[in-house]
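Peer 1: For reference, the structure I am asking about is given below.
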Amino acid sequence: MTGKEFRIDKQPLTEALHFGESSLTRYRKKAAGDISLPGLLLYECFALLCTNLGGALGYVVRKTLAGFLFRTVGRGLILGRGIIVRHPGRIDFGDNVAIDDYVFLDAGGSGDIGVQLRDGVIVSRNCVIQGKTSYVVFEERVDVGCNCIFSSVAGITIGASTIISGNCFVGGGRYYHDRLEPAIMDQGGYSRGEIVVGEKSWIGAGAVILDGVRIGRGVIVGAGSVVTKNIPDYAVVAGVPAKVIRIREDKDTNGRGHDKL
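First residue of the sequence shown: 98, per our numbering; consecutive thereafter.
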C-alpha cells in the first residue's frame, strides 16, 4: 500500500446480514439505520405502501411521508415509483429535486455528510447512488442520465451544473491481490481517494471514473472513456484510459463544431 492508498474497513456483508444480533435488529440497522421503533414503522410504510403507488396519489403520498423520513427535504421534491431507500436519516434533498422511477438510494456507510442531492438535481430512472463507506454529494443542478451507478468508497462530489450521461459508473475501490491464497475477496480492499468532478462538466455515455480521480471545471469526457488520472480544467478527453485531446477555448461557434459524445 502506497502513501496514496488507504485501507477500506468494512464489515463483510454476509456477517452483517446473518450473524450477531436478532434478525429484526440486523434488518433495521442494514435497511433503515439506527432509528426508533416508530421510525422503523414509518420506513416500512414508505417501503411497502408508497413506493409503487402510481399517478397523483403515489406522488402526494411519497412527498408527504418524505418530510418525516429523510434528514432534510426541500421544496418541490418529486419521488418516482419503485424507489428503494437505505438509511433515509442520512439523506438530504434540496429544493426542486426530482428522482425518477426505480432509483436506489443507500446512505448506509456515508457517515455524517451522508448522501446530499442539492437544489435542482435530477436523477433519471434505474440509477444507484450508494454511500458504501463514504459520502456522495451532488451539487446544484447536477443532471444524471438513466442507469448510472455511483459507489462511494472514499467520497464522491459532483460539481454544480454537470451532466452525467446514461450508463456511467463513478466510484470503486480495489482489492489486494498480492497472495494466491486466501481468495482475493478475503485479502481486504483499498482506495486511492475521493472522486471529484468539477462544475459545468459533461460526462459522456458509458464513461467510467475511478477512485482517486479529480476532474477539473468544464471538462468533457468522451463516451465509453475510462478516467484513471486527474484531468485539468476545460480539457476534452477520450479513450481507455482517457487522454487529453485538446483544451477547450471560449469562442462563439454559432452552432458549428460542437463536441459530440
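Backbone N, C-alpha and C define an ideal beta-carbon position, used for all residues, glycine too.
Computed from a predicted structure; not experimentally measured.
What ranges does the beta strand (DSSP E) occupy inside the region 146 to 196, keeping only unbroken runs of at least 3 residues that lie completely in it?
Peer 2: Listed in chain order, the complete beta strand (DSSP E) runs (minimum 3 residues) inside the region 146 to 196 are 181 to 183, 188 to 190.
Peer 1: I need the straight-line Cα distance from Pro338 to Val170, nearest angstrom please.
Peer 2: Residue 338 sits at position 241 when you count from the first residue of the sequence shown. Residue 170 sits at position 73 when you count from the first residue of the sequence shown. In a straight line, the C-alpha of Pro338 is about 39 Å away from that of Val170.
Peer 1: Decide if the region 228 to 238 is in contact with the region 209 to 218; the criterion is three or more beta carbon pairs, one per stretch, under 8 Å apart.
Peer 2: Because the criterion of three Cβ pairs below 8 Å is met, the region 228 to 238 and the region 209 to 218 touch.
Peer 1: Taking just the CA atoms, how far does Gly313 sit from Ala332?
Peer 2: Here residue 332 corresponds to residue number 235 of the sequence shown, with the count starting at 1. Here residue 313 corresponds to residue number 216 of the sequence shown, with the count starting at 1. C-alpha separation (whole angstroms): 8 Å.
Peer 1: Can you tell me whether Leu277 is helix, strand or coil according to DSSP?
Peer 2: Stepping through the sequence shown from its first residue, residue 277 is reached at position 180. DSSP places Leu277 in coil when its eight states are reduced to three.
Peer 1: Grouping DSSP H, G and I as helix and E and B as strand, with all else coil, what is Gly319?
Peer 2: In the sequence shown, counting from the first residue as 1, residue 319 sits at position 222. DSSP places Gly319 in coil when its eight states are reduced to three.
Peer 1: What number of angstroms, rounded off, separates the C-alpha of Gly173 from the C-alpha of Leu138?
Peer 2: Locating residue 173 in the sequence shown gives position 76, where the first residue counts as 1. Locating residue 138 in the sequence shown gives position 41, where the first residue counts as 1. Each residue's alpha carbon lies about 25 Å from the other.
Peer 1: Beta carbon of Trp409, beta carbon of Ile317: below 8 Å?
Peer 2: Because the chain spans 98 through 358 in this model, residue 409 falls outside it and cannot be assessed.
Peer 1: Looking at C-alpha atoms only, which residue of Ala128, Asp283, Gly263 is the closest neighbour of Gly303?
Peer 2: The count along the sequence shown starts at 1 and reaches residue 303 at position 206. That would be Gly263, whose Cα lies nearest to the Cα of Gly303.
Peer 1: Using DSSP's beta-bridge definition, name the partner residues of Asp203.
Peer 2: As a working mapping, residue 203 is identified with position 106 in the sequence shown. According to DSSP, Asp203 bridges with Arg183, Gln227.
Peer 1: For Arg123, report the span of its beta strand (DSSP E) as first-last.
Peer 2: The sequence position of residue 123 within the sequence shown is 26, counting from 1. Looking at the DSSP string, Arg123 is not in any beta strand (DSSP E); the run it does join, the alpha helix (DSSP H), is 120 to 124.
Peer 1: Tell me the residue span of the beta strand (DSSP E) that contains Tyr331.
Peer 2: Here residue 331 corresponds to residue number 234 of the sequence shown, with the count starting at 1. Per DSSP, Tyr331 belongs to no beta strand (DSSP E) and is neither H nor E.
Peer 1: Between which two residues does the beta strand (DSSP E) containing Tyr287 stretch?
Peer 2: Locating residue 287 in the sequence shown gives position 190, counting from the first residue. Taken as a continuous stretch (DSSP letters only), the beta strand (DSSP E) holding Tyr287 covers 286 to 288.
Peer 1: In angstroms with no decimal places, state the Cα-to-Cα distance between Gly130 and Arg345.
Peer 2: Taking the first residue of the sequence shown as 1, we reach residue 130 at position 33. Taking the first residue of the sequence shown as 1, we reach residue 345 at position 248. Spanning the two alpha carbons is a distance of roughly 45 Å.
Peer 1: Where do the ends of the alpha helix (DSSP H) carrying Arg136 lie?
Peer 2: Sequence index remark: in the sequence shown, residue 136 carries index 39 (1-based). Note that residue 136 is Gly in the sequence shown here, rather than Arg. Gly136 -> alpha helix (DSSP H) spans 134 to 142.
Peer 1: Starting from Val233, trace the beta strand (DSSP E) both ways and give me its first and last residue.
Peer 2: Taking the sequence shown and counting its residues from 1, one reaches residue 233 at position 136. It spans 233 to 235 - the beta strand (DSSP E) in which Val233 sits, taken as one unbroken run.
Peer 1: By the 10 Å Cβ neighbour count, where 16 or more other Cβ atoms means buried, how is Lys348 classified, buried or exposed?
Peer 2: On the sequence shown, position 251 is the one that residue 348 refers to. Lys348 should be labelled exposed.
Peer 1: From which residue to which residue does the beta strand (DSSP E) around Arg215 run?
Peer 2: Here residue 215 is taken as the residue at index 118 of the sequence shown, counted from 1. No beta strand (DSSP E) holds Arg215; DSSP gives it neither H nor E.
Peer 1: What's the gap between the Cα of Gly179 and the Cα of Leu277?
Peer 2: As a first step, residue 179 is located in the sequence shown; it is residue number 82 there, counting from the start. As a first step, residue 277 is located in the sequence shown; it is residue number 180 there, counting from the start. Approximately 42 Å, taken between the alpha carbons.
Peer 1: Alpha carbon to alpha carbon, how far is Phe167 from Leu307?
Peer 2: Against the sequence shown, residue 167 aligns to sequence position 70. Against the sequence shown, residue 307 aligns to sequence position 210. Cα to Cα, the separation comes out at about 29 Å.
Peer 1: Is Lys340 helix, strand or coil by DSSP?
Peer 2: Counted from its first residue, the sequence shown places residue 340 at position 243. In this structure, Lys340 counts as strand in the three-state DSSP scheme.
Peer 1: Going by other Cβ atoms of all chains shown within 10 Å of its Cβ, with 16 needed for buried, is Ile181 buried or exposed?
Peer 2: The residue you call residue 181 lines up with position 84 of the sequence shown. By the neighbour-count rule (16 or more Cβ atoms within 10 Å), Ile181 is not buried but exposed.
Peer 1: For Arg125, count the other beta carbons within 10 Å of its own beta carbon; 16 or more makes it buried, fewer makes it exposed. Which is it?
Peer 2: Numbered from its first residue, the sequence shown carries residue 125 at position 28. Buried.
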